[in-house]
Amino acid sequence: MAKLLLKHEGLTIGTYPLETDRVRIGRNPGSDIQLDDPAVSNDHACITRSPSEYLEDHYDY
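This is how it looks when you write it as structure tokens:
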């Protein structure tokens, strides 16, 4: 299973399994991966699984 590793200064500070076809990331309480960090926007990014790869769409709000 694929997973997203959240790193800061070379240290892994979070591990999130990518279990669905679409994973939304942000501060928004409705996000699949919610990050409480002022550098993260409410709707920050979305990772979408296709048959052969994962695609990241970084929102620019």
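In my numbering, the protein residues as written are 2 to 62.
Beta carbons: idealized from backbone N, C-alpha and C, even for Gly.
For residue i, the three-state DSSP class (helix, strand or coil)
i, result
"His9", "strand"
"Leu56", "strand"
"Val41", "coil"
"Ala46", "strand"
Closest Cα partner of residue i within the set the options
i, options, result
"Ile8", "Leu36, Arg50, Ser53", "As written in the sequence, residue 8 is Lys, which differs from the Ile given in the question. The shortest Cα separation from Lys8 among Leu36, Arg50, Ser53 belongs to Leu36."
"Asn29", "Arg23, Asp44, Pro52", "Asp44"
Whether residue i touches residue j by CB criterion (8 Å)
i, j, result
"Ile26", "Ile14", "no"
"Leu6", "Thr21", "no"
"Ile48", "Leu12", "no"
Cβ-Cβ separation, residue j to residue i (assumed contact under 8 Å), whole Å
i, j, result
"His59", "Ala46", "5 Å"
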